[in-house]
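Each remark here refers to the structure printed beneath this line.
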Amino acid sequence: MQDLVAVSVKNLTYTYKVSSTSFSSNVLDNISFSVNKGDLLGVIGPNGAGKTTLFSCMLGLFKDYQGEVRIFGHDIRKNNNLILQSIGYIPQQKSIEQGFPATVQEIVSLGLIGKKNGSKEKVDSALEMVDLSGQNHRRIGELSGGQQQRVLIAKALVSEPKLLILDEPTTSVDVETQNKFYTLVKNLNLKNNLSIIWASHDLDAVNKIANKVMCLNRSMFFHGDSSEFFGSNELIRMYSESSMQLHMRSHSNQNKNLHSGYSQGDANAHDDGMKG
80 MQDLVAVSVK
90 NLTYTYKVSS
100 TSFSSNVLDN
110 ISFSVNKGDL
120 LGVIGPNGAG
130 KTTLFSCMLG
140 LFKDYQGEVR
150 IFGHDIRKNN
160 NLILQSIGYI
170 PQQKSIEQGF
180 PATVQEIVSL
190 GLIGKKNGSK
200 EKVDSALEMV
210 DLSGQNHRRI
220 GELSGGQQQR
230 VLIAKALVSE
240 PKLLILDEPT
250 TSVDVETQNK
260 FYTLVKNLNL
270 KNNLSIIWAS
280 HDLDAVNKIA
290 NKVMCLNRSM
300 FFHGDSSEFF
310 GSNELIRMYS
320 ESSMQLHMRS
330 HSNQNKNLHS
340 GYSQGDANAH
350 DDGMKG
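Every letter in the sequence shown is one number past the one before it in my numbering, and letter 212, counting from 1, is 291.
Shown next as structure tokens:
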């Protein structure tokens, strides 16, 4: 059974503390879930829910957490370099400036740094997967927002990962581009048997393409089949109420922070651990 598990998270708690003050906050509170190989898990939750913090723990960027994170059976804190070779990651991304000089070839090749047997053929293959064949020598700043997004996906795919983590990658593109992206993600999941964890605010898209859903609001109140979640008015109501409660709590914390020396800039950067 363990061979079927891509990701296992047990009792994960991440507490953010502000030095020289008494302020602390559980950004993640006792999270436990697993992702099987071939799953497409949609992670939903409002800003401040902890999505980006969760991904940072899974990528070994944050290590001072309580609990356990295993990727394909390996503890991320003990086998960081080995595990990262099996993960493709696409962070939140704004559009790239038009004058940015790097070419598509150069950007995608960054995904092969530190890998053996890197080659132009692998870059070509990754670009073909995202329908950008022949675009190697174009400057990425000249591409549309949707094309730039696909270049970043190709960069994540070029190392042939077994797990793809997407952190709200469609926030800066139009609806048509978003829909094309969703189709691409679903095809990658089905055709390549690629395990995917995808944070999104688009409940309709998650309903259409994810087979599993996790509702995160610092703690986790649902993890299971997407059909179970979206088929239940009660669960959707709970999700909406949970999102509103987090919004109200964030405003309350901001007022307390003014008296503790915790600045608004700190809150923006860390209330979700970088806004997830």
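Quick reminder that beta carbons are idealized off the backbone N, C-alpha and C, glycines included.
- Using a Cβ-Cβ distance cut-off of 8 Å, the stretch 259-279 and the stretch 239-248 are in contact, since at least three pairs of beta carbons, one from each stretch, lie closer than that value.
- At a Cβ-Cβ threshold of 8 Å, Val292 and Gly310 do not count as neighbours.
- Annotation note: the stretch 228-294 contains the following uninterrupted beta strand (DSSP E) runs of length 3 or greater, listed N- to C-terminal: 242-246, 274-278.
- With 16 or more other Cβ atoms inside 10 Å of its own Cβ, Phe308 counts as buried.
- In the assembly as shown, Ser103 is an exposed residue. Its beta-carbon has fewer than 16 other beta-carbons within 10 Å.
- With fewer than 16 neighbouring CB atoms inside 10 Å of its own CB, Thr94 falls in the exposed class.
- Arg218 is bridged by DSSP to Thr182.
- Boundaries for Ile192: no alpha helix (DSSP H) harbours it, and the DSSP string shows neither H nor E there.
- Between Ile123 and Cys294, the C-beta spacing is below 8 Å.
- In this structure, Arg217 and Thr262 do not form a Cβ contact; the two beta carbons are roughly 23 Å apart against a cut-off of 8 Å.
- 8 Å or more divides the Cβ of Asn90 from the Cβ of Gln171.
- Tyr95 sits in a strand when the DSSP states are folded into three classes.
- DSSP, read as helix, strand or coil, puts Ser104 in strand.
- When rounded, the separation of the alpha-carbon atoms in Asn115 and Ala85 is 5 Å.
- In this structure Lys199 is exposed. Its beta-carbon is surrounded by fewer than 16 other beta-carbon atoms within 10 angstroms.
- The DSSP-derived three-state label of Tyr144 is coil.
- In this structure, Leu206 lies near Ala233, with their beta-carbon atoms less than 8 Å apart.
- If you draw a 10 Å sphere on the C-beta of Gly225, you find 16 or more other C-beta atoms in it, and that means buried.
- Taking 8 Å as the upper bound for CB-CB distance, Tyr168 and Leu138 are in contact here, some 6 Å apart.
- For Phe134, there is no enclosing beta strand (DSSP E); the enclosing alpha helix (DSSP H) has its first and last residue at 130-137.
- Contact between Lys265 and Ser165 is absent: CB atoms are separated by about 21 Å, not below the 8 Å threshold.
- In this structure, the beta-carbon distance from Gly121 to Ser305 falls below 8 Å.
- Secondary structure note for Ser204: it is in no beta strand (DSSP E), and the uninterrupted alpha helix (DSSP H) holding it is 199-208.
- In the structure shown, Leu161 adopts helical secondary structure according to DSSP, grouped into three states.
- In this structure, DSSP gives Arg149 an extended state, which the three-state scheme calls strand.
- The C-beta distance from Ser87 to Ser113 rounds to 5 Å, short enough to fall under 8 Å.
- Within the DSSP secondary-structure output, Asp154 pairs in a beta bridge with Arg149.
- Linking Thr100 to Asp143 through their CA atoms gives a straight-line distance of about 19 Å.
- Take the alpha-carbon of Leu107 and the one of Asn286: they are about 24 Å apart.
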